[in-house]
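Everything on this sheet refers to the single structure shown next.
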Ligand code: SF4
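In our numbering, the protein residues as written are 1 to 339.
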C-alpha cells in the first residue's frame, strides 16, 4: 500500500482482515511519518477533568448508568495547578478531557481555557468534552481553544446503534465534527478497533468517513472491556490489528497527528512502541492529579502510571530515544500540506 494512493474497499478490507504485524507496512508508514514529521514525537499533557457523563455508551466505564463508577470533577484551580506542573515538566499542549458533564457550563470552560492561554501563551489547549452546540464550540474557540478531539467510534449507522442507546445519534456526532472544522479547530476523530459486533466492512467505512472528514488528528485504540458495563464479557480488540491500522492511517493521512494510545499500552507496553515505529507520532501522558487519577476508569486496568504518567517524562524521552525518535519541545501543531 503506497502513501497518498487511495486503495479500493476490497484492498483495504484485505489489509485489515489480518491481525498480524506486517513489518513491510510498518516500515512504509514510518518512512512516510519521517518525511513529514521527521523523528519528532509530540507529548500532550492529558488532564481528565471530570468522570461524570450524562451518556450511556454501552462500552464505557464512565457511562451514567454505571452505579459503580467513582465520580469526581476538577475545579478551575485544580486544573490550573496541574497545568503549572505540566508546564514545568515541559508540556506545551494540555488536553482537557472528560465525560459529557452538564455541570461544566460554557462559561466555566471558557474561563478555564482563557486562563490557561493567558498563563501559558506558548501552549495549545485541546478540548475533548463531547458533543455540544455550535455556539458552545464557537465560544470555546474564541476563548482560545486550539484543538478538539471527538472520536466518531464507528461510522456505520447499524453498528453505532449496537454500541449506543437511542438517545445518542451518529448523525449528531458527525455534525459536531464538521461544525468543529468549520469553526477552525484542529480536529481529531477516530474509532475503536475490535469493538463488539464490528466487521471488517465497518472498519473500511471508518477509514472512508475519516477521508471525508480529513481530520488533523486520528486516535484509534483497541476496545478494552470494562467490568461494570453491558459489554463486560466481550473480548478485547486486537492490539496488533490496531498497530496495523495505525500504519494504514499514516499512509492514507500522511499529515495527521496519530497517537500511540493508552488503550494500546494497557494491553501491553510493547504495543505502544510498535505503534510508534509504525506511523504514530504523539503520546499523551497523564497529568490528572494522582488523588483522582484511578477514578477515570474508561475500561479495565486503564494504565495511568509508569510511562503513562506525565511525571515520568524523562523515562518517556529515554524510551523514545531507545527506539529511534525524540520528544519534541514545541506545541506540535499539525503540518497540513498547505502550511
Ligand atoms: S464514551 Fe464518552 S460519551 Fe460515552 S459514556 Fe463514556 S465518557 Fe460518556
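Positions of the beta carbon are idealized from the N, C-alpha and C atoms, including for glycine.
### Task
Determine, using beta carbons only, whether residue 50 and residue 95 come nearer to each other than 8 Å.
Judged by beta-carbon spacing, residue 95 lies beyond the 8 Å limit of residue 50, meaning their Cβ atoms are not closer than that value.
#### Entry: Buried versus exposed, by CB contacts within 10 Å (16 or more), residue 194
For residue 194, the number of other beta carbons within 10 angstroms of its own is at least 16, and it is reported as buried.
### Query
Between 314, 244, 117, which lies nearest to residue 22 when the distance is taken from Cα to Cα?
In terms of Cα proximity to residue 22, the closest of 314, 244, 117 is 244.
### Query
Thinking C-beta only, is residue 46 closer than 8 Å to residue 53?
Between residue 53 and residue 46, the gap from beta carbon to beta carbon reaches 8 Å or more.
### Beta-carbon contacts of residue 120 that lie in its chain and below 6 Å, excluding the five residues immediately before and after
Exclusion of the five residues before and after residue 120 leaves 87 as the residues of its chain whose Cβ lies within less than 6 Å of its Cβ.
### Coil, strand or helix - residue 198 by DSSP
In this structure, residue 198 counts as coil in the three-state DSSP scheme.
### Query
Can you find at least 3 beta carbon pairs, one from the segment 219 to 230 and one from the segment 263 to 272, that sit closer than 8 Å?
Yes: the two stretches touch, three or more of their Cβ pairs being nearer than 8 Å.
#### Entry: Beta-ladder partner(s) of residue 286, from DSSP
Answer is 46, 309, bridged to residue 286.
#### Entry: alpha helix (DSSP H) runs contained entirely in the segment 245 to 302, provided each spans 4 or more residues
Taking only runs of at least 4 residues, the alpha helix (DSSP H) segments lying wholly in the segment 245 to 302 are 262 to 267, 269 to 276, 290 to 293.
### Message
Using only the alpha-carbon positions, how far apart do residue 41 and residue 317 sit?
### Response
Taking the straight line joining both Cα atoms gives about 9 Å.
### Query
Which value, in whole angstroms, describes the spacing of the CA atoms of residue 93 and residue 44?
C-alpha separation (whole angstroms): 5 Å.
### Task
Could you tell me the distance, in whole angstroms, from the CA atom of residue 124 to the CA atom of residue 188?
Looking at the two C-alpha atoms, the distance is approximately 14 Å.
### Query
Does the ligand SF4 have a heavy atom nearer than 7 Å to the CB of residue 356?
Residue numbering for the chain in the displayed model covers 1 to 339; residue 356 lies beyond these limits and cannot be assessed.
### Message
Given this structure, state the Cα-to-Cα distance separating residue 290 from residue 311, to the nearest angstrom.
### Response
Each residue's alpha carbon lies about 10 Å from the other.
### Task
Report the option in 64, 77, 107 whose CA atom is closest to the CA atom of residue 228.
Nearest C-alpha to residue 228: 64.
### Message
Taking only three categories from DSSP, how would you classify residue 178?
### Response
Of the three classes helix, strand and coil, the one that applies to residue 178 here is helix, per DSSP.
### Query
Which two residues bound the contiguous beta strand (DSSP E) that contains residue 94?
In the DSSP annotation of this structure, the continuous segment of the beta strand (DSSP E) that includes residue 94 starts and ends at 93 to 98.
### Message
Can you tell me whether residue 191 is helix, strand or coil according to DSSP?
### Response
It is a strand residue.
### Query
From 103, 91, 82, 90, pick the residue whose C-alpha is nearest to that of residue 343; which is it?
No information on residue 343 is available, as it lies outside the stretch 1 to 339 that the chain covers here.
### Task
Answer with buried or exposed for residue 33, where buried requires no fewer than 16 other C-beta atoms within 10 angstroms of its C-beta.
Looking at its Cβ environment, which holds 16 or more other Cβ atoms inside 10 Å, residue 33 is buried.
### Query
Does DSSP put residue 168 in a helix, a strand or coil?
Here residue 168 sits in coil by DSSP.
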